[in-house]
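Working notes for the structure below.
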Amino acid sequence: MKSPERKKKKNWFKRSTRIVGMDPVTFEEDWRVVINRVQFISISVLVVIVLFFINFLIFSFTPLGYLLPENIKNRNKEKIEATAIRVNELEKIVINQENYISNLQQVILGNVSIDSIYTKNNEGKIDQSEVVITDTSISKVEKELDQNLKESVAKQTSKNVKLFDQLFLYDPVSGTISSKYRIPNHPGVDIVTKKDEQIKACLDGIVLHASYNDEDGHTIILSHENEIISVYKHAQKSFVKVGEKVKRGKAIGIVGNTGKRTTGPHLHFELWSDNGPLDPLNYFSFGQ
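So that you can map any letter, position 90 of the sequence shown is 90 in UniProt numbering, and since no number is skipped, the others follow by simple counting.
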């Protein structure tokens with residue numbers, strides 16, 4: 001025999017509820033719905049499931065899904081990771097650029113010789129003196145090496161000429177050439193000018209270096225497009241500061257006689273590309 005408590009619970013589920021719709025004026029019954037509590041609970045659960053499924057479809061297959069906190073968090077995480085990678089790449093580029101500029105300054109200022117740079121680059125290579133070449137082949141090898149060297153120099157010269165033909169170069173000073181370009185001891189030209197002659201920027205650029213040293217006196221180094229560097233040494237006075245932008249033909253200093261490596265007032269001028277020093281007389285007339 002069922003206990004009164006269990007019977008009471010069973011009757012609670014079976015109890016019906018009548019929902020009636022009435023006319024607000026006449027209060028006559030328009031419609032009615034009779035439903036027990038089991039049916040009500042079942043319908044409610046079904047409605048919740050349907051609504052959940054509809055919401056799932058909406059947020060999964062429409063742009064509204066991007067509004068969910070989790071998706072926003074994931075997108076922000078992806079952006080942060082991409083930014084971190086880009087920052088690391090930029091740091092490497094900046095470090096390499098700083099090393100390049102530092103090494104170039106050391107070479108230009110005479111603190112490191114060009115020969116020492118070549119020596120470092122050739123470390124670990126085979127000592128050519130240890131390579132044995134037969135007498136029958138040495139002549140042929142020498143000819144091939146000589147021909148390759150000539151072709152390489154000709155190609156580089158042609159490349160430099162084409163590059164500078166596209167630029168509007170400005171003579172840094174006008175005067176007489178007292179010492180010509182000689183590698184490796186003198187990678188530039190010396191120009192004797194009038195007293196207090198102004199030094200002009202040969203191209204638009206940025207001041208890479210502007211300071212005094214005992215060997216070369218007041219030295220100015222400008223960085224230009226296409227990895228071109230111009231150097232001006234022994235100035236009496238400098239008009240520019242590091243980081244300053246200069247226009248072609250702008251006065252950047254005055255010709256002088258500063259530093260130990262000078263015997264009289266003149267401008268020592270150098271021109272560099274990414275392949276090393278260039279002969280300025282191939283590109284400038286210096287008023288002659």
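All C-beta atoms, glycine included, are put in the ideal place defined by N, C-alpha and C. This one's a predicted model, so the numbers in the text were calculated from it and none came from an experiment.
Less than 8 angstroms between the beta carbons of V246 and A201, yes or no? By 1-based counting over the sequence shown, the position of residue 246 is 246. By 1-based counting over the sequence shown, the position of residue 201 is 201. A contact, by the Cβ cut-off of 8 angstroms.
State buried or exposed for T83, treating a residue as buried only when at least 16 other CB atoms are found within 10 Å of its CB. As a working note, residue 83 is residue 83 in the sequence shown. Its Cβ having fewer than 16 others within 10 Å, T83 is exposed.
For the alpha helix (DSSP H) holding F168, just list the boundary residues, first then last. By one-based count along the sequence shown, residue 168 stands at place 168. Run containing F168: none; DSSP gives neither H nor E here.
Inter-residue Cα distance where the pair is Q39 and T17: Within the sequence shown, the letter at position 39 stands for residue 39. Within the sequence shown, the letter at position 17 stands for residue 17. Spanning the two alpha carbons is a distance of roughly 10 angstroms.
Excluding sequence positions up to five away, which residues of its chain have a Cβ less than 7 angstroms from the Cβ of Q198? Your numbering for residue 198 matches position 198 in the sequence shown. Correct list, in chain order: A251 and I254.
Determine the closest residue to T193 out of G264, I85 and E244, with distance taken between C-alpha atoms. Locating residue 193 in the sequence shown gives position 193, where the first residue counts as 1. Considering only alpha carbons, the answer is G264.
6 angstroms CB neighbourhood of V34 in its chain, flanking five on each side removed: Position 34 of the sequence shown, counted from the first residue, corresponds to residue 34. S16 and R18.
What does S211 pair with, by DSSP beta-bridge criteria? Here residue 211 refers to the residue found at position 211 when the sequence shown is read from its first residue. Bridge partners of S211: T219.
Could you give the distance in angstroms between the alpha-carbon of G175 and the alpha-carbon of L278? Residue mapping note: residue 175 aligns to position 175 of the sequence shown, counting from 1. Residue mapping note: residue 278 aligns to position 278 of the sequence shown, counting from 1. Cα to Cα, the separation comes out at about 20 angstroms.
Just reading off the beta strand (DSSP E) that S174 is part of, what are its end residues? Position 174 of the sequence shown, counted from the start, is the residue given in the question as residue 174. Counting along the chain, S174 falls outside any beta strand (DSSP E), and DSSP gives it neither H nor E.
Express the C-alpha separation of V48 and F56 in angstroms, rounding to a whole number. Translated into the one-based positions of the sequence shown, residue 56 becomes position 56. Translated into the one-based positions of the sequence shown, residue 48 becomes position 48. C-alpha separation (whole angstroms): 12 angstroms.
Measuring CA to CA, which of K260, P187, L267 and D23 is closest to K237? Reading the sequence shown from its first residue, position 237 is the one you call residue 237. Taking only the C-alpha atoms, the option nearest K237 is L267.
Does Y181 pass the burial test, meaning 16 or more other C-beta atoms within 10 Å, or should it be called exposed? Position 181 of the sequence shown, counted from the start, is the residue given in the question as residue 181. Y181 is buried by the Cβ-count criterion.
Using the C-alpha atoms, what's the distance from K241 back to I206? Indexing the sequence shown from 1 puts residue 206 at position 206. Indexing the sequence shown from 1 puts residue 241 at position 241. Each residue's Cα considered, the two are about 9 angstroms apart.
According to DSSP, simplified to helix, strand and coil, what is P277? Here residue 277 refers to the residue found at position 277 of the sequence shown. Looking at P277 - three-state DSSP - the assignment turns out to be strand.
Excluding the 5 residues preceding and the 5 following N185 in the sequence, name in chain order all residues of the same chain whose CB lies nearer than 6 angstroms to its CB. Taking the first residue of the sequence shown as position 1, residue 185 is located at position 185. None.
What does the Cβ neighbour count give for G272, buried or exposed, with the cut at 16 atoms within 10 Å? To locate residue 272, count along the sequence shown from 1; it is residue 272. Residue identity check: residue 272 is Trp in the sequence provided, not Gly. Label assigned to W272: buried.
Specify the secondary structure class of residue 308 as computed by DSSP and reduced to three states. Outside the modelled stretch of the chain, which goes from 1 to 288, sits residue 308, for which no answer is possible.
My output table needs one value for V45: the three-state DSSP class, helix, strand or coil. Position 45 of the sequence shown, counted from the start, is the residue given in the question as residue 45. In the structure shown, V45 sits in a helix (DSSP, three-state: H, G or I).
I need the boundaries of the beta strand (DSSP E) containing H186, first residue and last residue. Here residue 186 is taken as the residue at index 186 of the sequence shown, counted from 1. Neither: H186 is in no beta strand (DSSP E) and is coded neither H nor E.
Beta bridge counterpart(s) of S16 as assigned by DSSP: Translated into the one-based positions of the sequence shown, residue 16 becomes position 16. Paired residues: N36.
Just to confirm my understanding: we take P280, look at its own chain, exclude 5 residues before and 5 after, and list those with CB closer than 6 angstroms. What are they? Taking the sequence shown and counting its residues from 1, the one referred to as residue 280 is at position 280. Correct list, in chain order: V189, F269 and L271.
Identity of the residue in S60, F239, N226 and K92 nearest D274 by Cα: As a position in the sequence shown, residue 274 is number 274, starting the count at 1. Residue N226 is the option with its Cα nearest to D274.
Separation of L208 from I58, as counted between CA atoms: To locate residue 58, count along the sequence shown from 1; it is residue 58. To locate residue 208, count along the sequence shown from 1; it is residue 208. The alpha-carbon atoms of I58 and L208 are separated by roughly 59 angstroms.
Straight-line Cα distance separating H234 from D171: Position 171 of the sequence shown, counted from the first residue, corresponds to residue 171. Position 234 of the sequence shown, counted from the first residue, corresponds to residue 234. Straight-line Cα distance between these residues: approximately 17 angstroms.
Backbone CA spacing between I43 and T62 [nearest angstrom]: Locating residue 43 in the sequence shown gives position 43, counting from the first residue. Locating residue 62 in the sequence shown gives position 62, counting from the first residue. For I43 and T62, the distance between alpha carbons rounds to 28 angstroms.
In whole angstroms, give me the CA-to-CA distance for Q288 and G243. As a position in the sequence shown, residue 288 is number 288, starting the count at 1. As a position in the sequence shown, residue 243 is number 243, starting the count at 1. Distance between the alpha carbons of Q288 and G243: 32 angstroms.
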